[in-house]
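Colleague: I'd like to ask you about the structure that follows.
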Amino acid sequence: MTLETIKQEYEFDCLSRGHSSNTMRAYKTALRQFLEFALLNEAEYADQLTTLVIRSFAAHCMNQLSAAGAHARLRVVKSFLRWATEEGYFPVNPMERVKMPRLKQKVLDAVPAQDMKRLLLAASQSATPLKYQALLAVLFDTGVRVSELNNLELRDILPTQCLMVREGKGGKDRVVPISRPTLKLVNRYLRDERPDSPLPFLFLVNEESGYSNVSVYKLLERLCRRAGVKRYGPHAFRRGFAVNYLRNGGDQFTLMRVLGHTNTTMTNRYAVLNTNDVQDVHRRASPMNALR
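Sequential numbering from 1138 applies to the sequence shown in my numbering.
Below, the structure is given as structure tokens:
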């Protein structure tokens, strides 16, 4: 059977498991490039795909992309070939002995509390202060992804002081707690500033349109410039939520559930504490300090 046919079946399987459109777009791009490379190396059929071809593709990715970009592309190929092996298209996974690129763990941008205060102040001086403050607060207080923020509807504000996040990554719903101050900002925005519109979305650009990923990025860029802080994208607020949640005494497993992760591996990438955080924890938990 051709690799192209197996790829198409894999994509159908991913769709049936509820993968989002963004995930499917990334999968299709990575697999298209992998199959084009395989075809150039005379591997059109499953029995022609060898470990050597996959290693050559891995080297090609490392030459063309950053380590993180190569790792992301090869993760898709690894998932595809593991699935294909389980389905019986390969007797042995041809990628089993291929090493993934080593990633350096670095501390990614996370919005600190002091910059959040400056952003809220900048938002309060804008043309729509209640909307911008509420939007910032939801990002920082719940850790929702930008696509999840854009898809929030009025019905998703639950009476239990929570938000219903519908069809998050992987097509999964989850309930996310929201603090009283954030809920107060959201309610003030709904009462005084939200346009009268038939659209169901919580945050609206105007009465005829909701927010998109691009429009949120542009809004945050403007607010960061006004606030005099470094430029933060939506994911920096998600990481800021994770880091500050742990600093304030939250536990890792609850954080995993709030962020919508299925295991702690991804959560750990978001919640990388800096040296000062580690020192603070050590001071509180040190066995030698406890002896005193």
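For glycine and all other residues, C-beta sits at the position ideal for the given N, C-alpha and C.
Let me know the secondary structure DSSP gives ARG1311 once reduced to three states.
Modeller: Position 174 of the sequence shown, counting from 1, holds the residue named residue 1311. Of the three classes helix, strand and coil, the one that applies to ARG1311 here is strand, per DSSP.
Colleague: Ignoring anything shorter than 4 residues, give me the alpha helix (DSSP H) runs that lie fully in the stretch 1169-1252, in order along the chain.
Modeller: If we require 4 residues or more, the alpha helix (DSSP H) runs fully inside the stretch 1169-1252 come out as 1188-1201, 1204-1223.
Colleague: Which value, in whole angstroms, describes the spacing of the CA atoms of GLU1358 and GLY1365?
Modeller: Numbered from 1 along the sequence shown, position 221 holds the residue referred to as residue 1358. Numbered from 1 along the sequence shown, position 228 holds the residue referred to as residue 1365. Whole-angstrom Cα-Cα distance: 11 Å.
Colleague: What would DSSP say about ASN1343, mapped onto helix, strand or coil?
Modeller: As a first step, residue 1343 must be located in the sequence shown, where it is residue number 206. In this structure, ASN1343 counts as strand in the three-state DSSP scheme.
Colleague: Residues in its own chain within less than 7 Å of SER1261 by CB, not counting five upstream and five downstream?
Modeller: If you number the sequence shown from 1, residue 1261 lands on position 124. Only GLN1270 meet the Cβ criterion.
Colleague: Contact between the stretch 1226-1235 and the stretch 1180-1191 is defined here as three or more beta-carbon pairs at a separation below 8 Å; is this criterion met?
Modeller: Taking 8 Å as the limit for Cβ pairs, the verdict is that the stretch 1180-1191 does touch the stretch 1226-1235.
Colleague: Are three or more beta carbon pairs between the stretch 1315-1329 and the stretch 1271-1280 nearer than 8 Å?
Modeller: Segments in contact, yes.
Colleague: Pull the bridge partners of ILE1143 from the DSSP assignment, please.
Modeller: Here the question's residue 1143 lines up with position 6 in the sequence shown. According to DSSP, which records beta bridges pairwise, ILE1143 is partnered with nothing at all.
Colleague: Is there contact here, the stretch 1248-1263 with the stretch 1198-1210, by at least three beta-carbon pairs under 8 Å?
Modeller: In short, these stretches do not touch, since the Cβ pair count stays below three.
Colleague: What residues are listed by DSSP as bridge partners for LEU1300?
Modeller: Residue mapping note: residue 1300 aligns to position 163 of the sequence shown, counting from 1. In the DSSP output, where bridge partners are listed per residue, LEU1300 has ILE1294, VAL1313.
Colleague: Buried or exposed: where does ASN1400 fall if 16 or more other Cβ atoms within 10 Å of its Cβ makes it buried?
Modeller: If you number the sequence shown from 1, residue 1400 lands on position 263. Burial call: exposed.
Colleague: Any chance the stretch 1287-1295 sits against the stretch 1383-1401, with 3 or more Cβ pairs inside 8 Å?
Modeller: Cβ pair count under 8 Å is below three, so no.
Colleague: VAL1248 to TYR1348, Cα distance in whole Å?
Modeller: Translated into the one-based positions of the sequence shown, residue 1248 becomes position 111. Translated into the one-based positions of the sequence shown, residue 1348 becomes position 211. So the alpha carbons of these two residues sit roughly 21 Å apart.
Colleague: Is the Cβ-Cβ distance between GLU1344 and THR1265 less than 7 Å?
Modeller: For the purposes of this step, residue 1344 is taken as the residue at position 207 of the sequence shown. For the purposes of this step, residue 1265 is taken as the residue at position 128 of the sequence shown. No, these two residues do not count as a Cβ contact at 7 Å.
Colleague: With a cut-off of 8 Å on the beta carbons, I'd call PRO1371 and VAL1283 a contact; round off their distance for me.
Modeller: Numbered from 1 along the sequence shown, position 234 holds the residue referred to as residue 1371. Numbered from 1 along the sequence shown, position 146 holds the residue referred to as residue 1283. Yes, PRO1371 and VAL1283 are in contact; Cβ-Cβ is about 4 Å, under 8 Å.
Colleague: Considering only C-alpha positions, which residue in the set GLY1206, GLU1224, ARG1384, PRO1335 is nearest to LYS1241?
Modeller: Here residue 1241 refers to the residue found at position 104 of the sequence shown. Minimum Cα distance to LYS1241 is reached at GLY1206.
Colleague: Apart from the five residues just before and just after GLU1141, which ones in its own chain have a Cβ nearer than 7 Å to its Cβ?
Modeller: Within the sequence shown, residue 1141 is the residue found at index 4, counting from 1. The answer, listed in chain order, is LEU1172.
Colleague: Give me whichever residues DSSP pairs with PHE1338 in a beta bridge.
Modeller: Counted from its first residue, the sequence shown places residue 1338 at position 201. Its beta-bridge partners are GLU1290.
Colleague: Just mark PRO1332 as buried or exposed, buried being the case when its beta carbon has 16 or more other beta carbons within 10 Å.
Modeller: Taking the sequence shown and counting its residues from 1, the one referred to as residue 1332 is at position 195. By the 10 Å Cβ count, PRO1332 comes out exposed.
Colleague: Judging by CA-CA distance, which residue of ILE1315, LYS1367, GLU1304 is the nearest neighbour of THR1297?
Modeller: Taking the first residue of the sequence shown as 1, we reach residue 1297 at position 160. Looking at the Cα atoms, ILE1315 is the closest of the given residues.
Colleague: Tell me the start and end of each unbroken alpha helix (DSSP H) in the stretch 1371-1397 that is at least 4 residues and wholly inside, in chain order.
Modeller: If we require 4 residues or more, the alpha helix (DSSP H) runs fully inside the stretch 1371-1397 come out as 1371-1384, 1389-1396.
Colleague: Identify, in the order they occur along the chain, each residue of the same chain with its Cβ nearer than 7 Å to the Cβ of ASN1230, setting aside the five sequence neighbours on each side.
Modeller: For the purposes of this step, residue 1230 is taken as residue 93 along the sequence shown, with counting starting at 1. Only LEU1218, ARG1219, THR1222 meet the Cβ criterion.
Colleague: Roughly how many angstroms separate the alpha carbons of LEU1300 and PRO1228, rounded to a whole number?
Modeller: Indexing the sequence shown from 1 puts residue 1300 at position 163. Indexing the sequence shown from 1 puts residue 1228 at position 91. Taking the straight line from one Cα to the other gives about 46 Å.
Colleague: Using three-state DSSP, classify GLU1330 as helix, strand or coil.
Modeller: To locate residue 1330, count along the sequence shown from 1; it is residue 193. It is coil, neither helix nor strand.
Colleague: Just to confirm, is the Cβ distance from LEU1267 to TYR1326 under 7 Å?
Modeller: By 1-based counting over the sequence shown, the position of residue 1267 is 130. By 1-based counting over the sequence shown, the position of residue 1326 is 189. In contact: LEU1267 and TYR1326 (Cβ atoms closer than 7 Å).
Colleague: In the DSSP assignment, find the alpha helix (DSSP H) that holds GLN1270 and state where it starts and stops.
Modeller: Counted from its first residue, the sequence shown places residue 1270 at position 133. From DSSP, the alpha helix (DSSP H) with GLN1270 extends over 1266-1279.
Colleague: Looking only at its own chain, which residues have a Cβ that is under 8 Å from the Cβ of PRO1337, when we skip the five neighbours before and after it?
Modeller: Looking up residue 1337 in the sequence shown gives position 200. Here the set comprises GLU1290, LEU1291, ARG1292.
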